[in-house]
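Here the structure is laid out as structure tokens; the discussion comes afterwards.
Number of protein chains: 2
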Amino acid sequence: GGAGAESLDYEVIENYAYREHQAQRGKLWVPYYVVLKWFFSLLIGLGTGLAAVFINLAVENFSGWKYAATFSIIQHSYFAGFLVYIIFNLGLVFSSVLIVTKFAPAAAGSGIPEIKGYLNGVDTPGILLFRTLIGKIFGSIGSVGGGLALGKEGPLVHTGACIASLLGQGGSKRYHLSSKWVRIFESDRDRRDLVTCGCAAGVAAAFRAPVGGVLFALEEVTSWWRSQLMWRVFFTSAVVAVVVRTAMNWCKSGKCGHFGSGGFIIWDISGGQEDYSFQELLPMAIIGVIGGLLGALFNQLTLYITSWRRKYLHKKGSKVKILEVCIISLVTSIISFGLPLLRRCSQCPDSETNPGIECPRPPGTDGNFVNFYCAKDREYNDLATIFFNTQDDAIRNLFSAKTFHEYSAQSLIIFLVMFYSLAVVTFGTAVPAGQFVPGIMIGSTYGRLVGMFVVKFYRRLNVDEGTYALLGAASFLGGSMRMTVSLCVIMVEITNNLQLLPLIMLVLLISKAVGDFFNKGLYEEQAQLRGIPLLESRPKLYMRNMVAKEACKNQKVVSFPRVVKVRDIISVLRSNKHNGFPVVDQGHNGETLVIGLILRSHLLVLLQSKMDFQNNPFPCDMRGISNRHNLSDFVKPISSKGMSIDEIHLTDDELELYLDLAPYLNPSPYIVPEDMSLAKVYNIFRQLGLRHIFVVPRPSRVVGLITRKDLLIEE
Amino acid sequence: GGAGAESLDYEVIENYAYREHQAQRGKLWVPYYVVLKWFFSLLIGLGTGLAAVFINLAVENFSGWKYAATFSIIQHSYFAGFLVYIIFNLGLVFSSVLIVTKFAPAAAGSGIPEIKGYLNGVDTPGILLFRTLIGKIFGSIGSVGGGLALGKEGPLVHTGACIASLLGQGGSKRYHLSSKWVRIFESDRDRRDLVTCGCAAGVAAAFRAPVGGVLFALEEVTSWWRSQLMWRVFFTSAVVAVVVRTAMNWCKSGKCGHFGSGGFIIWDISGGQEDYSFQELLPMAIIGVIGGLLGALFNQLTLYITSWRRKYLHKKGSKVKILEVCIISLVTSIISFGLPLLRRCSQCPDSETNPGIECPRPPGTDGNFVNFYCAKDREYNDLATIFFNTQDDAIRNLFSAKTFHEYSAQSLIIFLVMFYSLAVVTFGTAVPAGQFVPGIMIGSTYGRLVGMFVVKFYRRLNVDEGTYALLGAASFLGGSMRMTVSLCVIMVEITNNLQLLPLIMLVLLISKAVGDFFNKGLYEEQAQLRGIPLLESRPKLYMRNMVAKEACKNQKVVSFPRVVKVRDIISVLRSNKHNGFPVVDQGHNGETLVIGLILRSHLLVLLQSKMDFQNNPFPCDMRGISNRHNLSDFVKPISSKGMSIDEIHLTDDELELYLDLAPYLNPSPYIVPEDMSLAKVYNIFRQLGLRHIFVVPRPSRVVGLITRKDLLIEE
Ligand SMILES: Nc1ncnc2c1ncn2[C@@H]1O[C@H](COP(=O)(O)OP(=O)(O)OP(=O)(O)O)[C@@H](O)[C@H]1O
Ligand SMILES: Nc1ncnc2c1ncn2[C@@H]1O[C@H](COP(=O)(O)OP(=O)(O)OP(=O)(O)O)[C@@H](O)[C@H]1O
Ligand SMILES: [Mg+2]
Ligand SMILES: [Mg+2]
């Protein structure tokens, strides 16, 4: 069980009060609801797109200034430049960790495991709050702008999800930003759909990959898939694409500083390798294997380090967390500045034989090459080109086509080892952190190494090192995150090279297979570590040999009668932590009858409002009962702990009153016979997204059969 | 209810015999099963890829020869050329309709509605047989090669599904192509997964769009989605991509006649429009609206014509069907040859201002322009360029970039009207027929018209007519088939232009929304017409106000006791058509107890084998019972009607014997309480892919509760 993680109720609880409410609704309610759904999808797209533009703008400008300042200072003194660089990084990272630890603790990390958990049916406290949204946005500007070995993609997914869920509950109550008119999403189920849209929007915005976003949300994040939802998610992604593209067009003329250069495709390599020969399949397969191995190792190492951190480090409070991040920032700065200093510079290639490639004029990072600590003018430092550069530019350089021998093998190996270690260490610190971009950088480094080897060994000139770098990136992400289709589409969308699609598929399949041999995917591992009890889509094998009764054999079922004394409710709720209780009533012939399921959260609302208390222990008159409560009172606010029994204070007189549960119980909970195999029960639970299933004795008779024909009746 | 359509059993029936079998399995069974699954995915990819290559090769060569012959003859006499053209077409179409009507009736049409039905849980007789596969392959070569207004993509999906299902049942028994070793897919559920792979392989092969194939299978065809399946489907698609690409490389040097020219991307327009301005969004939205309208109209018209055909024409036997197709072929030939004759030829553009565009040298169809009935040498006939040409070349011309004013508006309008009508009339005839390519041709025609208008009206030179043609194609497909993500990816993959992605998304969203306003998607409409009872993914609204009992209120449940006289079984099975029966037994205290569900098909197998008959009416000894039958005896062969009660012949003595049903019944059928809302029941039925649900009285007590925690136990 997770620390504080609690299940969500994806079921619409069709109790009497709900039905009465529904009956009172006007004719326009359904169209209003549908329109609002689509309108919210639009808003999610707009919001996430704008958030992404804002983050990108901030990050690119901060790093742009940073490198510009550093480069101009090192013309005079390398030491002064070094100091400025360190301080700039430290400042940004410090502000990020401060925001996260002091203001929005749930904003740490990538957030994808938590969102995955949310969409699987587990709520992690705090994960979708307004403050988390703010913390995520500003925190990731600091951490990414500060040059840490992490990306802004995971955080953008989380950002999208936050925006979606805030819309879904009609704004943030705490910050008085809510409106009654839009609070019609009265079940976790509606919110779940919005959050799915938000995830897709996040990826679409991060990579400017709208289709990739849809697929990421559907393959990696959601647990339940519906075709209708796909359409809505798709719409949201399209909106994001339009917003981001418009913003970029607007920024093109330099209005936004360093942001807005480059096309809509982040790392365009459409000029890369056109074709491939059969001989090349072997090195490509090797890239896949390396990706699987390094990816699995990454998952394992981060798992160990994170669990160690949680056990020893992070318990000691936020000061330690802040210190940790600052030290990592220092180390990162020193390594990324210092190591390139030790490398010899190389001669720039002839601009005549390589049109379009320009050596930078100092101070500058324009073009593919960075002049850093080089003696002559027409030289560049290959390690600085990737290490001492913004992430986007570094990846662009690694992917760059038709740039043979740009890097020496030593530089790439040094970078691979150092950056891999930094990425492992940085993972799990108290800053917003995505793993996509580090993964792409690691993967493209060894991919390019393999590419260099192929160029040398096979002596083929149409082999392109940049193409191999792309395959390497795909393989590492596949080996670590274990996605297939979505990753494939994302890789194609960010590089604009469809020709490579079959090759990307190949390395992804290999790296995923190799990785799966060792451990689970990054997000599942992390979810497990954080105590998010994800239900996998398949039952375990041994469940086939168990029956439902065995899964709950030591329980003494705690249930309520239909009309129950308030004092009894209180004592029962105090005595256990169960969240659902069967309600049992007397039938006409005196036999008992299970009439439904009442949720702890509903009971607490009833106890607090006191409106339903009655003097006599007899069934109440249910008519008009829905006017007593607003339906949305019963819905737990997102990401909050919900009420606790200790918050209920009743007088002694009130304790002697009675409460009729009938109008508020869920009258038709799901039931399974006690000797159904647990694998089947698992499937029901998982496929339908349930929270409770009643295990009941075998029925004594069958009232009727329902088949396909019965469900196809027209009204 | 459909004519002969019967539900599938996606449930693994875990009866006693099955469990005993499982217990006897060796340790290696699970790995063997997994390996075989993947091996089959590989084989499906290989098979579908090769089938696609074969069909393409045949079609391109037949049409290549046809046009080459016609062009060389019309140098001397247009009339002789006309005759040859007609006869060639007629011959091919006739062979196709002959194969379909005489040998493989289930091969008519696209097959996608039937496959969709299969994956939704309804078996249409004959749809996945070996003969259907053969009929589909050769039939579609004839119908497409014969120049009818239909495509080969739908048939390829069906082909892939057939290959998959034949593998799944271990070959075709009828043709002695089966092997016991591979017959381990003992449930419809395993076969369903393979068929999903087959569908994806079909689309991947048809459009050389591997990711599009995966998404098509998942968005449009399957009803149940699982992440694991996605990976397998993805693998199959990758295999197809490799097979097709290899074959095309092999054919490049001209070894395969007219096949193999062009790249892996079918209609490459990567040279098209780079960017778009805001003003253009309006005409693009208009394209979307036109697409929605024309698409919905297409669905409606084909629905009417098909139902009319079924009622009046096709009842009269196969001669009428053959005649009908031949007449349509004649009309198509006359129109496509005759109409271009009436058009004036235009001057070829200067090859200096338009490098890369060459006017054809007669006799020839090379390049973008077709010289047909032109007086001078450097002229071309714009209508013939699209009408009197192979489909692939026509689409290539319509999509072609940087070819302004290639077509006159009149030609495009004439083509649009004539081809639309031909496509509507051809749809539903007794030949294999896909709707993708006709849809692309129709859509790109009006798209190009709008593009021409934009060029004229907005006077912008960076607007490209070919790009508008692509958007038109997307809009028509979206308006007719109502897919979103998969169509989007397919369009991008076949044209290699990622820049246009947001625009494609836009027109798709609009056209789908407009189309949905009028009717359902093409495949759903057709499935309904053919009596395939598809269950939509959502319950109807009124189901919320019904309870389970009402859905089956007039039934008197027909059930069996545990041990039952053979004579009684026979008479019950004769007296109704139900496919499942509750089995009710006496409990210890004399009360009745529902112990399971027995399927009609299982009863028939038991009656036919006679091995389980016993003399006494007492429960039998169940041990060792699994040795009596082979588990696969109980599995209904795919696409067959299954056994009927009339095939069972028993002597009078045998009729007096008894049968104990306990070892063969499904001991834990799904149950719902009688007052559960029908909407919920619908969800259970649909999400879990069930065939029977028992409606039972409210339980009298709860034995236990199952929550997330209970399902996360480790072994
Ligand atoms: N009313 C009840 N009577 C007896 N046992 C119960 C009852 N409700 C739940 N349980 C059992 O107690 C354990 C924890 O129950 P709980 O309701 O907290 O569920 P959970 O899995 O923790 O999910 P949630 O997040 O909803 O709390 C489970 O093993 C469950 O079977
Ligand atoms: N054992 C039974 N006793 C009473 N009614 C039944 C029984 N089995 C089915 N029915 C009812 O008879 C009708 C047809 O049943 P049938 O078993 O043919 O199902 P179906 O929907 O046609 O699906 P299938 O394709 O499996 O035949 C349904 O309305 C169903 O509720
Ligand atoms: Mg709990
Ligand atoms: Mg039936």
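Here the protein sequences come in this chain order: D and R.
FYI, our numbering numbers position 700 of the first sequence as 845, with every residue one higher than the one before it.
FYI, our numbering numbers position 29 of the second sequence as 174, with every residue one higher than the one before it.
In this text, a Cβ means the ideal position worked out from N, Cα and C, and glycines have one as well.
Delimiting residues of the alpha helix (DSSP H) encompassing residue i
{"i": "residue 753(R)", "result": "745 to 754"}
{"i": "residue 816(R)", "result": "Looking at the DSSP string, residue 816(R) is not in any alpha helix (DSSP H); the run it does join, the beta strand (DSSP E), is 816 to 818."}
{"i": "residue 671(R)", "result": "667 to 674"}
{"i": "residue 258(D)", "result": "257 to 265"}
{"i": "residue 281(D)", "result": "275 to 290"}
{"i": "residue 471(R)", "result": "463 to 487"}
{"i": "residue 311(D)", "result": "298 to 313"}
First and last residue of the uninterrupted beta strand (DSSP E) at residue i
{"i": "residue 644(R)", "result": "Careful: residue 644(R) lies outside any beta strand (DSSP E) and carries neither H nor E."}
{"i": "residue 727(R)", "result": "725 to 731"}
{"i": "residue 710(R)", "result": "708 to 710"}
Nearest-angstrom Cβ-Cβ length linking residue i and residue j, presumed shorter than 8 Å
{"i": "residue 264(R)", "j": "residue 353(R)", "result": "Not a contact, Cβ separation roughly 24 Å."}
{"i": "residue 844(D)", "j": "residue 385(R)", "result": "Their Cβ separation, rounded to whole angstroms, is 49 Å, which puts residue 844(D) and residue 385(R) out of contact at 8 Å."}
{"i": "residue 440(R)", "j": "residue 623(R)", "result": "7 Å"}
{"i": "residue 554(D)", "j": "residue 466(D)", "result": "Actually they are not in contact, since the Cβ atoms of residue 554(D) and residue 466(D) sit about 38 Å apart, beyond 8 Å."}
{"i": "residue 452(R)", "j": "residue 818(D)", "result": "Contact flag wrong, Cβ pair sits at about 45 Å."}
{"i": "residue 556(D)", "j": "residue 444(D)", "result": "Going by Cβ atoms, the distance from residue 556(D) to residue 444(D) rounds to 27 Å, so no, they are not a contact pair."}
{"i": "residue 312(D)", "j": "residue 185(D)", "result": "5 Å"}
Interface flag, residue i vs chain A, CB-CB below 8 Å
{"i": "residue 580(D)", "result": "The chain inventory of the structure shown lacks chain A, comprising the protein chains D and R."}
Any non-hydrogen atom of ligand 6 closer than 7 Å to residue i Cβ
{"i": "residue 151(D)", "result": "For the structure depicted, ligand 6 is absent and the ligand set comprises only ligand 1, ligand 2, ligand 3 and ligand 4."}
Please determine if the stretch 611 to 631 of chain D and the stretch 534 to 549 of chain D are in contact, where contact requires at least 3 C-beta pairs separated by less than 8 Å. Enough Cβ pairs lie closer than 8 Å, so yes.
Three CB pairs or more closer than 8 Å across the stretch 456 to 473 of chain D and the stretch 227 to 243 of chain D: Output reads yes: the stretch 227 to 243 of chain D touches the stretch 456 to 473 of chain D.
Please confirm if the stretch 803 to 817 of chain D is in contact with the stretch 288 to 298 of chain D, defined as three or more CB-CB distances below 8 Å between the two stretches. At 8 Å Cβ cutoff, the stretches do not touch.
Any chance you could list the residues with Cβ under 6 Å from a heavy atom of ligand 4, keeping chain order? Close to ligand 4, as judged by a C-beta nearer than 6 Å to any of its heavy atoms, are the residues 722(R), 724(R), in chain order.
Would the stretch 269 to 276 of chain D and the stretch 779 to 790 of chain D be scored as touching if the rule is three or more Cβ pairs under 8 Å? The stretch 269 to 276 of chain D is in contact with the stretch 779 to 790 of chain D.
Evaluate contact between the stretch 359 to 374 of chain D and the stretch 670 to 684 of chain R, counting only Cβ atoms and requiring at least three cross-stretch pairs below 8 Å. With a cut-off of 8 Å, the stretch 670 to 684 of chain R and the stretch 359 to 374 of chain D count as touching, because enough Cβ pairs lie within range.
Which runs of the alpha helix (DSSP H) at least 4 residues long sit entirely within the stretch 173 to 239 of chain R? Give them in chain order. Within the stretch 173 to 239 of chain R, the runs of alpha helix (DSSP H) that reach at least 4 residues and sit entirely inside it are, in chain order, 174 to 219.
Should the stretch 586 to 595 of chain D be regarded as contacting the stretch 563 to 575 of chain D, the criterion being three or more beta carbon pairs within less than 8 Å? The stretch 586 to 595 of chain D is in contact with the stretch 563 to 575 of chain D.
Take every Cβ of the stretch 205 to 225 of chain R, pair it with every Cβ of the stretch 625 to 645 of chain R, and state whether three or more of those distances are shorter than 8 Å. Contact annotation: the stretch 205 to 225 of chain R does not touch the stretch 625 to 645 of chain R, with fewer than three C-beta pairs closer than 8 Å.
Are three or more beta carbon pairs between the stretch 701 to 711 of chain R and the stretch 768 to 783 of chain R nearer than 8 Å? No, the stretch 701 to 711 of chain R is not in contact with the stretch 768 to 783 of chain R.
Considering only residues of the stretch 803 to 853 of chain R, which uninterrupted alpha helix (DSSP H) runs meet the minimum length of 4 residues and lie entirely inside it, listed in chain order? You should have 823 to 833.
Scan the stretch 599 to 631 of chain R and note each continuous alpha helix (DSSP H) run of 4 residues or more that stays entirely inside, going in chain order. The qualifying runs are 610 to 626.
Touching by the beta-carbon criterion (3+ pairs, under 8 Å), the stretch 374 to 384 of chain D and the stretch 223 to 236 of chain D: The stretch 374 to 384 of chain D is not in contact with the stretch 223 to 236 of chain D.
Does the count of Cβ pairs from the stretch 756 to 764 of chain D and the stretch 850 to 858 of chain D closer than 8 Å reach three? Result no; under three Cβ-Cβ pairs closer than 8 Å.
Kindly provide the ranges of any alpha helix (DSSP H) runs that are 4 or more residues long and lie completely inside the stretch 505 to 585 of chain R, ordered along the chain. If we require 4 residues or more, the alpha helix (DSSP H) runs fully inside the stretch 505 to 585 of chain R come out as 527 to 532, 536 to 544, 554 to 571.
Across the stretch 171 to 189 of chain R and the stretch 290 to 304 of chain R, are there enough close Cβ pairs to call them in contact, namely three or more that are closer than 8 Å? The way I'd put it, the stretch 171 to 189 of chain R doesn't touch the stretch 290 to 304 of chain R; fewer than three beta-carbon pairs between them come closer than 8 Å.
For a minimum of 3 consecutive residues, which ranges assigned as the beta strand (DSSP E) are wholly contained in the stretch 361 to 435 of chain R? Within the stretch 361 to 435 of chain R, no run of beta strand (DSSP E) at least 3 residues long lies entirely inside it.
For the stretch 250 to 267 of chain R and the stretch 570 to 585 of chain R, state whether three or more C-beta atom pairs, one from each stretch, are separated by less than 8 Å. Segments in contact, yes.
Segment contact, 8 Å Cβ cut-off, at least three pairs: the stretch 575 to 584 of chain D with the stretch 516 to 535 of chain D: Put simply, the stretch 575 to 584 of chain D does not touch the stretch 516 to 535 of chain D. Fewer than three CB pairs are less than 8 Å apart.
Using 8 Å as the threshold, is the stretch 340 to 351 of chain D in touch with the stretch 149 to 157 of chain D, meaning 3 or more CB pairs across them? In short, these stretches do not touch, since the Cβ pair count stays below three.
Does the stretch 473 to 487 of chain R come within contact of the stretch 687 to 700 of chain R, defined as at least 3 CB pairs closer than 8 Å? With a cut-off of 8 Å, the stretch 687 to 700 of chain R and the stretch 473 to 487 of chain R do not count as touching, because too few Cβ pairs lie within range.
Quick test of the definition: if touching needs 3 or more C-beta pairs under 8 Å, does the stretch 417 to 437 of chain D touch the stretch 654 to 669 of chain D? Contact between the stretch 417 to 437 of chain D and the stretch 654 to 669 of chain D is present, because at least three Cβ pairs lie under 8 Å.
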